[in-house]
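Reviewing the structure listed below.
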Amino acid sequence: MALEAQEVEKIAHLARLGIDPDDISEYARNLSDILAFVEQLNSVDTRGVEPLAHPLDATQRLRPDVVTETDERENFLRNAPLTEAGLYLVPKVIE
Amino acid sequence: MEWETVIGLEIHAQLATRSKIFSAASTRYGAEPNTQACAVDLGLPGVLPVLNAEVVRMAVKFGLATHSSVAPRSVFARKNYFYPDLPKGYQISQYELPIVHDGYLDIEVDEDTVKRIGITRAHLEEDAGKSLHEDFHGLTGIDLNRAGTPLLEIVSEPDMRSAKEAVAYMKKIHSLVQYLGICDGNMQEGSFRCDANVSVRPQGQEAFGTRAELKNINSFRFVEQAINYEVERQIALLESGGTVVQETRLFDADRHETRPMRTKEEANDYRYFPDPDLLPVEIDPAFIAEVTQTLPELPEVKKQRFMDDYGLSAYDAGVLTATRELGDYFEAVVGVSGGLGKLSANWVMGELSGALNKAGLEIGSSPVSAEALGGMLRRIEDGTISGKIAKQVFEALWAGAGSADEVIESQGLMQITDSSAIEDIIRGVLENSPKQVEQYRTGQEKVFGYFVGQVMKATQGKANPKQVNELLKKMIND
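Each protein sequence line maps, in turn, to chains A and B. Numbering (the numbering used here) for the first sequence: 509 to 603. Numbering (the numbering used here) for the second sequence: 236 to 713.
Encoded structure:
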């Protein structure tokens, strides 16, 4: 499967990556190679094989419904570039 | 052309746990911003989600109560999108293998129509944080207390055909999750909200029309309004030669319209994949059996029992079992009244519900206790007061004037059942109304009601109406 430039741009947009238009054709080539490599798996007959959700042969451990976390707001807020009134401030996003 | 409306609902019920779905931070509502958002909720590097056992139990309860299949193995998936109140850049949800699937719920559309609504699936997921757009020098404030709050998303089949049916279904789910104790149902606080998928098609056509998704509706009234507006919009659009676009729309309650959300291209390209941080959840039959033991009496079972035990109509039983609190109150009234099922139903659904509605109160905060109401019904039954006087007693109970017996005693409302006393009054009325007596004797029997009215007036409503009728009939013909 060969990717078009347009698809590369879409993937970059969904991942919020800024890419140099000059690099698009190389990305397209590299990504297409990766897809071609993985596509070899399609030659395996997987009828009757249950899809794998996780490589470990284990099931989810559960934790009891108990609150053990304490308020660490001041520590966490210190890592943010902008805060006010206990809130993290980010560029305006409104739909 | 005749159009048919097709509606499917996605309901988000916030599960009533103490801690979050994947972290041990508190879910308590109304805390100071970001004081209940821990490293896991913030999506800091190196943290791992650990699933809360209680959310699994609650989802299984819901599955059992809706005749659904509980998946022996379900998987969490990442739903990828960027928004500042979603710190990880993905929401942990379930996609291909939800924990609950293929169930149904019966709804009462009106007094004699029951309709079965299919439940496609119910899956577990985490809620996002909250964005505050006002007043931060052109910036947006982010509160992540709600991030990681457990949600059960309940997806119906497109089985509803009117806004009314959609509301009936939503109310039924709302009641059920509260019966089960898995959600507090508080719509103001966002614990219970709904998206509606709405489309129209020509009557008789099999294929569905293109649907619009109405987002985040948080009241029953708004669901009905939003759907009705959207249906009108789509029909007008189609009849003028246009086409409906599949899109997400917001309901504006103030402007009475739905309008499109400004959506970027590829907005719905979520690129789901199984979350490698979480293992498949396995549920064995022993656990299901254990949860089954803890189920309360469900609304439909209670409804049938009310019909069987108290001789109520399906409609009355449905109304009285709409919430667990109302059912409990009704049964307490029946108990105190000494088993007067029908009379209790009439008073709870009539006078009491009317007064509560008017005062904007829930049954839980009724000024008239079940003991007080049941005590009054006992006095109707034993003839101490008439049904009419009872309304007066009820008002006094509502105003906090004590028990029914105290009210009857202090206001002298006891019914007059002494025949000779009533006869004296009737005699007086007849003597004062020679004209009407003449009319009656010449065949105008409808003046009979006038005499009854006069007697009741003379006794301030305290005479036993049945007795008045009998005695009057006898005396007027003498």
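Backbone N, C-alpha and C define an ideal beta-carbon position, used for all residues, glycine too.
With its beta carbon at least 8 Å from every one in chain B, Thr554/A lies outside the interface. The residue among Glu535/B, Ala698/B and Met395/B with its C-alpha nearest the C-alpha of Glu658/B is Ala698/B. One Cα belongs to Gly476/B, the other to Met236/B, and the distance between them is close to 13 Å. Under the Cβ distance rule, Gln514/A does not count among the residues neighbouring chain B, no pair being separated by less than 8 Å. Among the residues facing chain B, Leu543/A is not included, as its CB has no counterpart in that chain under 8 Å away. DSSP, reduced to helix, strand and coil, places Gln674/B within a helical segment of the structure shown. The Cβ of Ser258/B sits closer than 8 Å to at least one Cβ of chain A. In the three-state DSSP reduction, Thr478/B falls in the coil class, being neither helix nor strand. Nearest in C-alpha terms to Val687/B, of all of Gly420/B, Thr677/B, Ile660/B and Gly678/B, is Ile660/B. Val598/A and Tyr318/B have their C-alpha atoms roughly 10 Å apart. Per DSSP, Asp370/B is one residue of the beta strand (DSSP E) stretching across Lys365 to Phe371. Below the 7 Å Cβ cutoff, chain A contributes Leu570, Arg571, Pro572 and Asp573 as neighbours of Ala288/B, in chain order. Boundaries of the beta strand (DSSP E) harbouring Pro599/A: Leu595 to Pro599, taken from the DSSP string. For Pro385/B, the enclosing beta strand (DSSP E) covers residues Pro385 to Ser391.
Membership of Asn704/B in any beta strand (DSSP E) is not indicated; the residue belongs instead to the alpha helix (DSSP H) covering Pro700 to Ile711.
Val310 and Phe317: these are the residues of the region 295-317 of chain B whose beta carbon lies less than 7 Å from some beta carbon of chain A, given in chain order. One alpha carbon belongs to Pro333/B, the other to Ile615/B, and they sit about 54 Å apart. Looking at Asp430/B, Thr478/B, Thr445/B and Thr527/B, the one whose alpha-carbon comes closest to that of Phe455/B is Asp430/B. Shown here for Asn287/B: same chain residues with a beta carbon closer than 8 Å to its own, the five before and five after excluded, namely Thr252, Ser254, Lys255, Ile256, Phe257 and Pro385 in chain order. Within the same chain, no residue comes within 6 Å of Asn712/B by CB-CB distance, once the 5 residues on both sides are set aside. Proximity of chain B to Pro599/A at the Cβ level (cut-off 9 Å) is accounted for by Pro319, Gly373, Leu374 and Thr375, in chain order. Tyr535/A is positioned such that its CB atom lies closer than 8 Å to that of Ile527/A. DSSP, reduced to helix, strand and coil, places Ala266/B outside both helices and strands of the structure shown, so it counts as coil. In this structure, the beta-carbon distance from Phe297/B to Leu387/B falls below 8 Å. Secondary structure remark: continuous beta strand (DSSP E) runs of at least 3 residues inside the region 617-644 of chain B: none found.
Boundaries for Tyr316/B: no alpha helix (DSSP H) harbours it, and the DSSP string shows neither H nor E there. Excluding the 5 residues flanking it on each side, Ile452/B has same chain C-beta neighbours closer than 8 Å at Arg428, Cys429, Asp430, Ala431, Val458, Ala461 and Phe486, in chain order.
Two segments are said to touch when three or more pairs of C-beta atoms, one from each, lie closer than 8 Å; by this definition the region 271-282 of chain B does not touch the region 302-311 of chain B. Counting only unbroken stretches of 4 or more residues, the alpha helix (DSSP H) elements lying wholly within the region 530-575 of chain A are 532-547, in sequence order. For Thr527/B, no beta strand (DSSP E) segment is defined; the enclosing uninterrupted segment is the alpha helix (DSSP H) at Pro520 to Gln528. Shown here, Leu608/B sits in a helix according to DSSP, grouped into three states.
Below 8 Å, too few C-beta pairs join the region 618-627 of chain B and the region 590-606 of chain B to call them touching: fewer than three. Listed along chain A are Asp579 and Arg581, each with a C-beta nearer than 7 Å to that of Thr270/B. Distances from the CA of Asn583/A to each of Leu596/B, Gln271/B and Phe541/B were compared; the closest alpha carbon is that of Gln271/B. By the beta-carbon neighbour count (other beta carbons within 10 angstroms, threshold 16), Gly610/B is buried. The beta carbon of Glu517/B sits closer than 8 Å to some beta carbon of chain A.
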